[in-house]
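Read left to right, the sequence shown gives residues -27 to -1, 1 to 973 (mature numbering (1 follows the signal peptide of the UniProt record, and there is no 0)). Every residue gets a Cβ at the ideal spot worked out from N, C-alpha and C, and that includes glycine.
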Amino acid sequence: MDSKEHCRPIHLLLICLSILILHQSFAFGSTSRGNHEVLCITKEREALLEFKRGLIDEHDLLSSWGNEDDNEECCSWRGVKCSNTTGHILVLNLRGSIQLTPDGEGNYFTLRGIIRSSLVKLQYLKYLDLSSNDFGGEIPKYIGYFKGLEYLNFSSKASSNGFTGLIPPQLQNLTYLKVLDLGGNFFEVKNLEWLSHLLYLEYLDLSLSYVQAKNWLQEVIKLPNLKELHLSSCHLPIVNPSSLVLANISSASLSVLDISLNGYSSPAIYSWLFNFSSLTSLDLSYNDLGQIASGFGYMKYLEHLKLSSTGIQGGIPKSFGNLSRLRSLDARDNNISQPFSELLSILSGSTRSLELLSFEQNALTGSLINLTRFSSLRELRLRDNLLNGIFHESFRQISSLEYLDLSINQMTGSLPDLALFPSLRELHLGYNHFHGMIPQGLGQLYNLEIFLAPSNLLEGTISESHLSNLCNLISLNLSSNSLTWNVSLDWVPCFQLQVISLSSCNLGHHFPRWLQTQNNYGYLDISLASISDTMPSWFPRLPPVLTYLNLSYNQISGKIHDLSANIVGPIVIDFSYNNFSGPLPGFPQLVSELRVNNNQFSGSLNSICEIRSATTLDLSENLLSGEIPDCWTLMSVPMILNVANNRISGSIPDSLCSSTTLTSLYMRKNNLSGEFPASLKNCRGLSVLDLGRNTLSGNIPEWIGTKLPYLGILSLRFNKFSGSIPPSICQLQSIQILDLSGNHLSGRIPQCFSNFTTLQLLQDGSSVSYNFDPYVPRVGILYHGDALVQWKNKESEYQNTLWLLKTIDLSSNELVGDIPKDFSRMNALLSLNLSRNNLTGNIIEGIGTMKMLEVLDLSRNQLSGKIPIGLSNLTFLSVLDLSNNNLSGRIPLSTQLQGFDSSTYGGNIQLCGRPLPQCPTFAPPNPHVSYDSNISTSQENDDEFPSKEFYISMALGFIVAFWGVLGSIFFNNSWRNAYFRWLNEHKNWLHLSAALCFAR
């Protein structure tokens, strides 16, 4: 053995000792650095500060970042992480954030500005996240200098303004990149050749980009390590399967694929999709698949499949039974119409794996059957289908079920023993036909957070035993049932509800005291709850997060104290239809809808001046007095202002029309005075104007047709307006209710009412009706206004069906002249009332074309001439009054006109015929009747009395008939004998019958 061989063990020992010493040295260094603050590199610190100078930081997100004058350690700055050994910056995470407010809206905390090139000095950066900010513009080209990057996130969310332009090809230099997230931006992607350089890439998101590269799929499958691909809403070009090497697809490592919202049809997808045999998650939502192909059933690794809103018809193919690993299937918003039992049978291959099954908004039928074999099922979403059975016995034992939604179906029967669902967190049963009592087992669902069962046929009592153990409950909705709430007055529930909806439940006489223990509710609806108590003093201390408060349709009395103390966000308040009294309380500034109508509030309206953002103010049907406050320049003018039926005086303030947002103004039945408010010409968005039953005077202004072009309802009834009807009123083409009755209007009716296009039928016989109930923002409902309308001889308030009425009422004025002939063109009109005026001339001949008329009142005028025969064509006519005019002639014969009472035609002494007395046989000609040259000859002949020729023919007929009988008896002996023999026999029979009758 030579000396080298003897030394080799020594060398090895020395090498081992050296390595051990180095290891200990590094360990000591690492430990010592761990015990002392790591100092970042000065050059990199200066780069961060330079980058900060290019930003606009409105929310002080970078408040922890120092400045040039400080030597503060940058590795502890927000979003910055450094290497424990070298001090180089490895991570820069400045992702924007969102914080939800109590009303569900979001506050976004983002950075704005430009991304300065100083960042390239961070050469050791491995993780860069600038997502969800408002940088905008293009991605800087120097991004290619970060050659060590492994994670890059420039994605954009709804809170931020995304990047635009082209994706820089310099991204191909980031060869170590594993995650590239550019989703949510609006890039234009003309080619994807740069992708081929990113061999380590595992995650790619280009969602919302405009991908124009026709070879996008060929480029994607070149990435050997790509596992997750998101291309949602990318306008992806159709793939030509012949240009693909299908073997490469089959061998691809892709596991997650999202190509939703691309408008693909089934042939364009299926021809290549099923070659991705390794997929575990697939999202095809919002494409157009039509029929589901059986190929899905052969993607044996599939765990998550989303097919929502893909236009699926029919049912799920049987091949889905092969998906033994399927964990979630989301096929909501389609037209899947197979029985639910058949669907479950098809999915029998995934009984052990299936956790989520969502078929909301489809057409599934049948009952709920045995689901116990799906032992892992946690969520079952069947909302808005056609299920019409009951809870099947075998369905009731799914201990793993946490979420069950059966709402908006047609299910019947009673609820099962809910104790058999011990894991339930959410239970949605609303809008079905469930009946009977709520089972006591509800109280054993200790994990229950949401219980919604509105609009069913449930009855019976809700007691403390139902609710005492539901300490996790945050949402409770039992509205629109026949339930009675039975808890003790001092009951203190263990839960803190966020949603309380008990409308139409009988909560008892007393105001529910347990509400005093609830501090976090944002939604409270106890309307129609049979409460007849006074408002408790503690109630105005409302939770700050409250956004909806409804106490309407009870009998709650007393005063309401200031409500503005706690509420900080937008809120809807509905106190209507109660017995509240006293002055209006102070309301939160951000009330979006306020309804206090149909109460007994009194005093002034001044407290509404504190409100800043209301879209609806309904103060009608109270005892409010004083003038309308002139504070509208300080607050947002509402869309709807209803102060009808109060004691308000004065005039309408000019500031009310300082904005064009006002669409509906209801001020009838008050004490308003003065002339027509000139300020209303600025309310150009008005569609409803109701000033009826006040004491307004002067003329109706000429500008009403030009300045208020969108009016659909104009009611000025029973004021003191005078002068003539301005012709400009004919420019209200959308008018459906025009009521000028009960004033002192004079002059002639304008000849242009035919311009009212909504009062005319279309060519197909239909008519246009506008819904003048405006859609209230944030609240998301229609405001159903009302109007006082004279309909079928009765003054009534119409609300929900108001927009269907089409009426013109000019009655009780001093109008003169003829009825304009172009009235006949308003053939969609339902009611026409011109009574109690001084109108002359004839009833227009074309009235028979107004086929939709149900009400026609022309009474108490000076109309003359005949009743047009066309009036008998109005088959919908149910109210007719032509009384107290100078009409003459015969009433036309028809089932319609003869069906009315005689009072319909009374006071016309020249009229005759049913239902009036019959016309006389001989009557002198009527000197007042002047026949219109346009009346047809047939109508004249029908109405004239018999002529001389008629009487001559009548005499000749009588002579021929008389002598035809008597002459035969006189000249024929056998006939004469037979005749007198017949008379003699009947004389004897009559004599005998009379004698017997007297004898009895």
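Classification of Cys630 by the beta-carbon crowding that lies within 10 angstroms, buried from 16 upward
Here residue 630 corresponds to residue number 657 of the sequence shown, with the count starting at 1. So Cys630 ends up on the buried side.
DSSP three-state call for Ala304: helix, strand or coil?
Position 331 of the sequence shown, counted from the first residue, corresponds to residue 304. Coil at Ala304, not helix or strand.
Assuming Leu803 contacts Leu778 under a Cβ cut-off of 8 Å, what Cβ separation, rounded to an integer in Å, is found between them?
Taking the sequence shown and counting its residues from 1, one reaches residue 803 at position 830. Taking the sequence shown and counting its residues from 1, one reaches residue 778 at position 805. Their Cβ separation, rounded to whole angstroms, is 6 Å, which keeps Leu803 and Leu778 in contact under 8 Å.
Alpha helix (DSSP H) segment containing His208, residue limits:
Translated into the one-based positions of the sequence shown, residue 208 becomes position 235. Annotation: His208 is outside any alpha helix (DSSP H) and is labelled neither H nor E by DSSP.
Using only the alpha-carbon positions, how far apart do Leu844 and Pro865 sit?
Against the sequence shown, residue 844 aligns to sequence position 871. Against the sequence shown, residue 865 aligns to sequence position 892. Cα-Cα distance, rounded: 8 Å.
Straight-line gap, Ser861 to Leu597 (C-alpha atoms, nearest Å)
Indexing the sequence shown from 1 puts residue 861 at position 888. Indexing the sequence shown from 1 puts residue 597 at position 624. Each residue's Cα considered, the two are about 52 Å apart.
In terms of residues, what are the limits of the alpha helix (DSSP H) holding Ser438?
Here residue 438 refers to the residue found at position 465 of the sequence shown. First-last of the alpha helix (DSSP H) with Ser438: Glu437 to Leu440.
Look at the Cβ atom of Ser609, then the Cβ atom of Ser586, and state whether they are nearer than 8 Å.
If you number the sequence shown from 1, residue 609 lands on position 636. If you number the sequence shown from 1, residue 586 lands on position 613. Result yes, Cβ atoms of Ser609 and Ser586 sit closer than 8 Å.
DSSP beta-bridge partners for Ala760?
On the sequence shown, position 787 is the one that residue 760 refers to. In the DSSP output, where bridge partners are listed per residue, Ala760 has Tyr771.
If distances are taken between C-alpha atoms only, which option among Phe468, Val465, Pro674 and Ser453 comes closest to Ser476?
Locating residue 476 in the sequence shown gives position 503, where the first residue counts as 1. It is Ser453 whose Cα lies nearest to the Cα of Ser476.
I want to know whether the region 173 to 187 touches the region 141 to 161 - three or more CB-CB distances under 8 Å.
yes
With contact counted as at least three CB pairs below 8 Å, one residue from each stretch, are the region 647 to 662 and the region 674 to 688 in contact?
Contact between the region 647 to 662 and the region 674 to 688 is present, because at least three Cβ pairs lie under 8 Å.
Please state if the CB of Leu92 and the CB of Ala20 are separated by a distance shorter than 8 Å.
Locating residue 20 in the sequence shown gives position 47, where the first residue counts as 1. Locating residue 92 in the sequence shown gives position 119, where the first residue counts as 1. For Ala20 and Leu92, yes; Cβs fall inside 8 Å.
List the residues that DSSP assigns as beta-bridge partners of Ser577.
In the sequence shown, the residue the question calls residue 577 occupies position 604. According to DSSP, Ser577 bridges with nothing at all.
What distance in whole Å lies between the Cβ atoms of Trp464 and Glu432, which are believed to be in contact at a cut-off of 8 Å?
For the purposes of this step, residue 432 is taken as residue 459 along the sequence shown, with counting starting at 1. For the purposes of this step, residue 464 is taken as residue 491 along the sequence shown, with counting starting at 1. With 8 Å as the limit, Glu432 and Trp464 do not qualify as a contact, their Cβ atoms being about 21 Å apart.
According to the neighbour-count rule (16 or more other Cβ atoms, all chains shown, within 10 Å of its Cβ), is Ala502 buried or exposed?
Sequence index remark: in the sequence shown, residue 502 carries index 529 (1-based). With 16 or more Cβ atoms within 10 Å of its Cβ, Ala502 is classed as buried.
CA-to-CA distance, Leu732 to Tyr259, given in whole angstroms
Taking the sequence shown and counting its residues from 1, the one referred to as residue 259 is at position 286. Taking the sequence shown and counting its residues from 1, the one referred to as residue 732 is at position 759. Distance between the alpha carbons of Tyr259 and Leu732: 42 Å.
Roughly how many angstroms separate the alpha carbons of Asn859 and Ile840, rounded to a whole number?
Numbered from 1 along the sequence shown, position 886 holds the residue referred to as residue 859. Numbered from 1 along the sequence shown, position 867 holds the residue referred to as residue 840. Straight-line Cα distance between these residues: approximately 11 Å.
Top-ranked residue by Cα proximity to Tyr639, from Glu23, Gly623 and Leu592
As a position in the sequence shown, residue 639 is number 666, starting the count at 1. Here the closest residue by C-alpha is Leu592.
Suppose contacts are defined by Cβ-Cβ distances below 8 Å. Is Glu594 in contact with Gly559 by that definition?
On the sequence shown, position 621 is the one that residue 594 refers to. On the sequence shown, position 586 is the one that residue 559 refers to. Their beta carbons are not under 8 Å apart, which means Glu594 does not touch Gly559 by this criterion.
If you reduce the DSSP assignment to three classes, tell me which class His32 lands in.
In the sequence shown, the residue the question calls residue 32 occupies position 59. Coil at His32, not helix or strand.
If the criterion is Cβ atoms closer than 8 Å, does the pair Leu278 and Leu246 meet it?
Translated into positions along the sequence shown, residue 278 becomes position 305. Translated into positions along the sequence shown, residue 246 becomes position 273. Taking the C-beta atoms as reference points, Leu246 is found no nearer than 8 Å to Leu278.
The beta strand (DSSP E) enclosing Trp458, as first and last residue numbers
Here residue 458 corresponds to residue number 485 of the sequence shown, with the count starting at 1. Taken as a continuous stretch (DSSP letters only), the beta strand (DSSP E) holding Trp458 covers Ser455 to Asn459.
Same chain only: Cβ atoms within 8 Å of Gln871, ignoring 5 sequence neighbours per side:
Locating residue 871 in the sequence shown gives position 898, where the first residue counts as 1. Ile864, Arg887 and Pro888.
Beta-carbon separation (whole angstroms), Leu515 vs Ile540, contact threshold 8 Å:
To locate residue 515, count along the sequence shown from 1; it is residue 542. To locate residue 540, count along the sequence shown from 1; it is residue 567. Right, their Cβ atoms sit about 6 Å apart.
Contact defined as beta carbons within less than 8 Å: I believe Tyr494 pairs with Gln471. What is the distance between those atoms, to the nearest angstrom?
Within the sequence shown, residue 494 is the residue found at index 521, counting from 1. Within the sequence shown, residue 471 is the residue found at index 498, counting from 1. Between Gln471 and Tyr494 the Cβ distance is about 6 Å, and since that is below 8 Å, they are a contact.
Please name the residue, chosen from Leu316, Leu350 and Thr324, that lies closest to Ser340 on a Cα-to-Cα basis.
Working through the sequence shown from its first residue, we reach residue 340 at position 367. The shortest Cα separation from Ser340 among Leu316, Leu350 and Thr324 belongs to Leu316.
On a CA-only basis, which of Leu275, Asn188 and His208 is nearest Leu230? Give me that one, please.
Taking the first residue of the sequence shown as position 1, residue 230 is located at position 257. Leu230 has its Cα closest to that of Leu275, out of Leu275, Asn188 and His208.
Compute the Euclidean distance between the alpha carbons of Leu227 and Ser254, then round it to the nearest angstrom.
As a position in the sequence shown, residue 227 is number 254, starting the count at 1. As a position in the sequence shown, residue 254 is number 281, starting the count at 1. Rounded to whole angstroms, Leu227 to Ser254 spans 10 Å at the Cα level.
Helix, strand or coil: how does DSSP classify Phe136 here?
The count along the sequence shown starts at 1 and reaches residue 136 at position 163. It is coil, neither helix nor strand.
At the level of alpha carbons, what is the spacing between Leu415 and Glu566?
As a working mapping, residue 415 is identified with position 442 in the sequence shown. As a working mapping, residue 566 is identified with position 593 in the sequence shown. For Leu415 and Glu566, the distance between alpha carbons rounds to 35 Å.
My understanding is that Ser348 touches Gly322, with C-beta atoms under 8 Å, so please give their C-beta distance in whole angstroms.
For the purposes of this step, residue 348 is identified with residue 375 of the sequence shown, where counting begins at 1. For the purposes of this step, residue 322 is identified with residue 349 of the sequence shown, where counting begins at 1. With 8 Å as the limit, Ser348 and Gly322 do not qualify as a contact, their Cβ atoms being about 14 Å apart.
Restricting to Cα atoms, I'd like to know which of Arg833, Asn846, Ser797 and Leu850 is closest to Tyr878.
Locating residue 878 in the sequence shown gives position 905, counting from the first residue. Measuring from the Cα of Tyr878, the nearest candidate turns out to be Arg833.
Tell me whether Asp535 is buried or exposed, calling it buried when 16 or more other Cβ atoms sit within 10 Å of its Cβ.
Looking up residue 535 in the sequence shown gives position 562. Counting Cβ neighbours within 10 Å, Asp535 comes out exposed, since fewer than 16 surround it.
Beta strand (DSSP E) segment containing Arg568, residue limits:
Taking the first residue of the sequence shown as position 1, residue 568 is located at position 595. First-last of the beta strand (DSSP E) with Arg568: Val564 to Arg568.
Could you give the distance in angstroms between the alpha-carbon of Phe82 and the alpha-carbon of Leu34?
Taking the first residue of the sequence shown as 1, we reach residue 82 at position 109. Taking the first residue of the sequence shown as 1, we reach residue 34 at position 61. Their Cα atoms are separated by approximately 8 Å.
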